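To keep things clear, I will list the structure first and then write my remarks on it.
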Amino acid sequence: MGPALWILFAFNFLLAAGMMATYVSRRGYMKDNAELPLDQKYSPNVLVIMPVKGIDYELEKNLLSIKAQDYKKYDIIAVVDDMSDPSVEILNGLSIRTIVSSEGCKNCSGKVRAIISALSMFDRYDCYVVADSDIRVNRDWLYKLVMPLSLPTVGVVTTFPLFVPEAGFWSKVKMYWGLVGQSMMESRLTRFVWGGSMAFRKDLLDKEGLSLLSESISDDVAIMRISKKKGLTIVYAPEAKPEIHSTDNFLQFMEWSNRQTALSVNSSINVFIFGMLYFTVGIYLILSSIVLLTIGHAIFTVFLIPFLYNSVNSWRRLQFRVYYFLLISFILPFVYLYNLMIGKSKKSINWRGNRYRLTSP
């Protein structure tokens, strides 16, 4: 190789080493959680708040899993926009108490309105858990999610779901797409709050906290900001990981992933900057290695190692495996980059039949 190619080789080596460092650094989260001096006997009174709109895939199975917790001191309250919602018949059939969202709030989403309504009507509980109606959980989910709140330094406990594919190719892409969220949770630097399964103590949402929440589209972003403002930590509880069973096709997946990304980049410019750098570097290493291989420089294929390492590691982490995982892993960086660009450009999002304007923090 000539001097120019050696310089390019050295440049690619530095980029690949940086990519590998990000993969290896994710392994520290288990140690972080293991070091927490948790009170195993902590058993507060808990209210599970479940905003419901429409009928999610296999809704009855999801609700039954939340009802079947090995935790004695908890109640469930479902919150709907009105009693004509099609989910009400299923909720009544399972004897889940259901109320109508009543609290007015400024610029908030329907989900935030539902949460605030439940909080204002049921204020005698020690802790509150917000659960989306599309999650399916194990019997120890509630205990695992609430237990870290025994530490006064913890503001909110969260987790992130496994997307279980129940349909074709794009439901499987969604399963792999979700691994990025899990990876972000595993690092203290990129950890966030996922509103589909989160727990907090009653005292987190004082008058100021409720005011901030009432002006938010995203409940999880608001809860994260409130917790950080109080100097409290966010704990990731992977043992409480729920499942979301997905039947997404291409259009449904792209709409969902663009909306999720728009909410993330709207809450933090760092998510956009880090994501653009990370996935641009990944795409560059893959494409440059392939191009240089085709013109006879096979040595550059060594820079596919980060891609292969991450692909195999992702495949090993999943219970539901597909034989064409390398194809999905190849596609994903391009999907993520597209999500980031579309998400950054969005001024509003469509969510459960409503349109919400995005506002910067």
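Numbering (this note's numbering), first residue to last: 10 to 370.
Each residue gets a CB set at the ideal place from its N, CA and C atoms; glycine is no exception.
Being a predicted model, the structure only gives us computed values, none of them experimental.
Using three-state DSSP, classify residue i as helix, strand or coil.
i: Met-28; result: helix
i: Thr-310; result: helix
i: Leu-272; result: helix
i: Tyr-51; result: coil
i: Phe-201; result: coil
i: Gly-11; result: coil
i: Asn-147; result: coil
i: Tyr-152; result: helix
i: Leu-100; result: helix
i: Val-166; result: strand
i: Phe-131; result: coil
i: Tyr-83; result: strand
i: Met-92; result: coil
i: Ala-140; result: strand
i: Ala-246; result: coil
i: Arg-234; result: helix
i: Asn-359; result: strand
i: Pro-315; result: helix
i: Ser-323; result: helix
i: Ala-19; result: helix
i: Ser-206; result: strand
i: Lys-40; result: With a pLDDT of only 49 at Lys-40, under the threshold of 50, the placement of this residue in the model should not be trusted, and no figure is reported.
Would you kindly report the start and end of the unbroken alpha helix (DSSP H) that includes residue i?
i: Phe-334; result: 334-354
i: Asn-279; result: 278-303
i: Ile-9; result: The structure shown does not extend to residue 9, since the chain is modelled only from 10 to 370, so the question has no answer here.
i: Ser-180; result: 178-194
i: Leu-222; result: 216-223
i: Ser-74; result: 68-76
Any idea if residue i is buried or exposed, counting beta-carbon neighbours within 10 angstroms, 16 or more meaning buried?
i: Thr-167; result: buried
i: Val-155; result: buried
i: Pro-95; result: exposed
i: Leu-260; result: exposed
i: Gly-177; result: exposed
i: Asp-79; result: exposed
i: Ala-25; result: buried
i: Leu-73; result: exposed
i: Asp-65; result: buried
i: Trp-15; result: exposed
i: Tyr-245; result: buried
i: Ala-127; result: buried
Since I believe residue j is in contact with residue i (beta carbons under 8 Å), could you give me their beta-carbon distance rounded to a whole number of angstroms?
i: Ser-223; j: Val-121; result: 7 Å
i: Leu-296; j: Phe-316; result: No, Leu-296 and Phe-316 are not in contact; Cβ-Cβ is about 11 Å, not under 8 Å.
i: Glu-69; j: Ile-99; result: 6 Å
i: Ser-276; j: Val-331; result: Wrong, their Cβ atoms sit about 32 Å apart, outside the cutoff.
i: Asn-71; j: Phe-309; result: At roughly 48 Å, the Cβ-Cβ gap does not stay under 8 Å, so Asn-71 and Phe-309 are not in contact.
i: Cys-136; j: Ala-19; result: Wrong, their Cβ atoms sit about 53 Å apart, outside the cutoff.
i: Ser-338; j: Asn-319; result: 7 Å
i: Ser-129; j: Glu-112; result: 6 Å
Got a sec, what are the start and stop residues for the beta strand (DSSP E) residue i sits in?
i: Val-331; result: Premise fails: Val-331 is in no beta strand (DSSP E) and is neither H nor E.
i: Val-61; result: Neither: Val-61 is in no beta strand (DSSP E) and is coded neither H nor E.
i: Ile-108; result: 106-109
i: Pro-174; result: 171-174
TODO: Specify whether the stretch 255-274 and the stretch 343-355 touch according to this definition: at least 3 beta carbon pairs, one from each stretch, less than 8 Å apart.
DONE: Three or more beta-carbon pairs separated by less than 8 Å link the stretch 255-274 to the stretch 343-355, which places the two stretches in contact.
Open item on the list: Is it the case that the stretch 108-123 contacts the stretch 171-178, given that we only count it when at least three CB pairs across the two stretches are under 8 Å?
Closed with: Here the stretch 171-178 does not lie against the stretch 108-123, with fewer than 3 beta-carbon pairs under 8 Å apart.
- [ ] State whether the stretch 232-244 contacts the stretch 208-220, with contact taken as three or more CB pairs (one from each stretch) at a distance under 8 Å.
- [x] Taking a contact to require three or more Cβ pairs closer than 8 Å, the stretch 232-244 and the stretch 208-220 qualify as touching.
Open item on the list: I'd like to know if the stretch 246-260 and the stretch 296-308 are in contact, where contact means that at least 3 CB-CB pairs between them fall below 8 Å.
Closed with: These segments do not touch.
Open item on the list: Between the stretch 141-149 and the stretch 180-192, can you find at least three pairs of beta-carbon atoms closer than 8 Å?
Closed with: Judged by Cβ distances under 8 Å, the stretch 180-192 makes no contact with the stretch 141-149, as fewer than three pairs qualify.
- [ ] Check whether the stretch 303-310 touches the stretch 348-362, counting contact only when three or more Cβ pairs, one atom from each stretch, lie closer than 8 Å.
- [x] Touching, no, given that fewer than three Cβ pairs across the two stretches are closer than 8 Å.
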